[in-house]
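Undergrad: Protein chains in written order, with our numbering: chain A, -3 to 134; chain B, 20 to 173.
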Amino acid sequence: MSMESSGLKAPRLKSPLGQAIGHGSAHAGTEHFLAQRLTAIALVPLTLWLAFSLLMLPALDFYTVTAWAAAPLHAVGLALLVIALTYHSSLGLQVVIEDYVHANGPRIVLQVLLRLVHAALAVAGILAVIQIATRASL
Amino acid sequence: MSPESRPQTPPQEKAPSRVPSSMDARPVVRPLSPHVGIYRWQVSNTLSIIHRATGMLLSISAVVLVAWLFSLAAGQTAYAQFGWVFGSLVGQLLLIGWTFCFFFHLCNGIRHLAWDADYGFDKAVARKSGMVVVVISIVLSILFWVLALTQVTS
């Protein structure tokens, strides 16, 4: 690679190893792996509980569902479900982006958007659960 | 790249026994795995792809779940609007699709957790458990909607 043919770019003198060192993350995969499994384990009972609780309700009208969702134990379950679900979704989509989006710009934009959207989803979900629970008790 | 432009590696240095290493100036080009074009299609890789696809679709359903909670918090009118959207034909079809995605991702996720705990990783066992996951997730989806529709009609 000559200086003339590559324009302003200097010849690359660093080895691939030298380029990789200092960029971190080689040891940081375990946390992601564990969090994905932990949220998966939490989602098994939480999602089944929600699905079959709704099935067991006599109807799905506003008052029946509000009364059910406002019960303290149910509100806790719903809040936990929102947290586990948004976290698990964020971790999963993160890997999908890592696998398929290689261009630096789109990759970074998507990874940032992914986290912001999931944080917003989690806050919105938890706030809704709190509002349902507190309004019904008034 | 002409040989004159790389004076740092004269041809005499190219010993045939030398294995390419990460210390080379140029990256070592290795084959990527799996090469979908020449990959023999089988149960495990098909279910792996479906697992990822259903997971991505379920991420959208997470937005719907939060929207449902939000409409319930916002009051009767908003809840009725949500019910109108997901009570429509398109809404019901979406919910049916998400139900299968959910039961498949759930069952196959449990299969993955078992693998992580070092159970059922043998080729034959993994193939069988994959078939079981497909059958169970279809049965649970049908069962769920039979129960859901009897709830609506009762």
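Positions of the beta carbon are idealized from the N, C-alpha and C atoms, including for glycine.
#1: Could you tell me whether the segment 121 to 129 of chain B touches the segment 147 to 166 of chain B, using the rule of 3 or more Cβ pairs below 8 Å?
#2: Put tyrosine 98/B into one of helix, strand or coil per three-state DSSP.
#3: With DSSP run on the structure shown, which of helix, strand or coil describes isoleucine 17/A?
#4: Expressed to the nearest angstrom, what Euclidean distance is found between the alpha-carbon atoms of proline 68/A and lysine 147/B?
#5: In its own chain, which residues sit with a C-beta less than 7 Å from the C-beta of histidine 70/B, not counting the 5 before and 5 after it?
#6: To the nearest whole angstrom, what separates the beta carbons of leucine 76/B and glycine 149/B, a pair I think is in contact under 8 Å?
#7: Given this structure, state the Cα-to-Cα distance separating phenylalanine 48/A from lysine 10/A, to the nearest angstrom.
#8: Do you know whose CA, among Thr73/B, Gly102/B, Gly74/B, lies nearest tryptophan 87/B's CA?
#9: Please report the residue range of the alpha helix (DSSP H) in which valine 28/A lies.
#10: Of all the options Leu123/A, Pro41/A, Tyr83/A, Ile122/A, which has the alpha carbon lying nearest to the alpha carbon of phenylalanine 29/A?
#11: Answer with yes or no whether the minimum CB distance from phenylalanine 163/B to chain A is below 8 Å.
#12: Does the distance from the C-beta atom of alanine 71/A to that of alanine 65/A stay below 8 Å?
#13: Helix, strand or coil, according to DSSP, for glutamine 61/B in the structure here?
#14: Closer than 9 Å by beta-carbon distance: list the chain B residues that pair up with valine 78/A, in chain order.
#15: Can you confirm whether leucine 117/A, when its beta carbon is compared against all beta carbons of chain B, has any partner nearer than 8 Å?
#16: Does the segment 80 to 98 of chain B touch the segment 114 to 132 of chain A, meaning 3 or more C-beta pairs lie closer than 8 Å?
#17: Does threonine 35/A come within less than 8 Å of chain B when only Cβ atoms are used?
#18: Would you kindly work out how many angstroms separate the C-alpha atoms of asparagine 148/A and threonine 96/B, rounded to a whole number?
#19: Run through chain A and tell me which residues come within less than 8 Å of glutamine 95/B, C-beta to C-beta.
#20: Give the secondary structure of leucine 9/A by DSSP, where H, G and I count as helix, E and B as strand, and everything else as coil.
#21: Excluding five sequence neighbours on each side, which residues of the same chain lie with their C-beta closer than 6 Å to the C-beta of leucine 166/B?
#22: Please classify alanine 36/A: is it buried, with 16 or more other beta-carbons within 10 angstroms of its beta-carbon, or exposed?
#23: Buried or exposed: valine 152/B, going by 16 or more other Cβ atoms within 10 Å of its Cβ?
TA: Reading it off the structure:
#1: Because the criterion of three Cβ pairs below 8 Å is met, the segment 121 to 129 of chain B and the segment 147 to 166 of chain B touch.
#2: DSSP places tyrosine 98/B in helix when its eight states are reduced to three.
#3: Reduced to three states, the DSSP call for isoleucine 17/A is coil.
#4: As the crow flies, the alpha-carbon of proline 68/A is around 42 Å from that of lysine 147/B.
#5: Correct list, in chain order: His124, Asn127.
#6: About 19 Å separates the two Cβ atoms, so there is no contact after all.
#7: Rounded to whole angstroms, the separation of the alpha carbons of lysine 10/A and phenylalanine 48/A is 59 Å.
#8: Measuring from the Cα of tryptophan 87/B, the nearest candidate turns out to be Gly102/B.
#9: Looking at the sequence shown, residue 28/A is not valine but histidine. For histidine 28/A, the uninterrupted alpha helix (DSSP H) run begins and ends at 25 to 52, by DSSP.
#10: It is Tyr83/A whose Cα lies nearest to the Cα of phenylalanine 29/A.
#11: Among the CB atoms of chain A, one or more fall inside 8 Å of the CB of phenylalanine 163/B.
#12: The criterion of a C-beta distance shorter than 8 Å is satisfied by alanine 71/A and alanine 65/A.
#13: Note: glutamine 61/B maps to coil in three-state DSSP.
#14: Ala81, Leu84, Val85, Leu88, listed in chain order.
#15: In terms of beta-carbon proximity, leucine 117/A lines the interface with chain B, with at least one pair separated by less than 8 Å.
#16: Segment contact: the segment 114 to 132 of chain A against the segment 80 to 98 of chain B, three or more CB-CB distances shorter than 8 Å; contact assigned.
#17: Chain B contact via Cβ: absent.
#18: Not covered by the structure: residue 148/A. The range shown for chain A is -3 to 134.
#19: Against chain A, the beta carbon of glutamine 95/B has neighbours under 8 Å at Phe58, listed in chain order.
#20: Reduced to three states, the DSSP call for leucine 9/A is coil.
#21: Taken in chain order, the list of residues that qualify is empty.
#22: Residue environment analysis places alanine 36/A among the buried positions, since at least 16 neighbouring C-beta atoms fall within 10 angstroms of its C-beta.
#23: When all chains shown are included, valine 152/B counts as buried.
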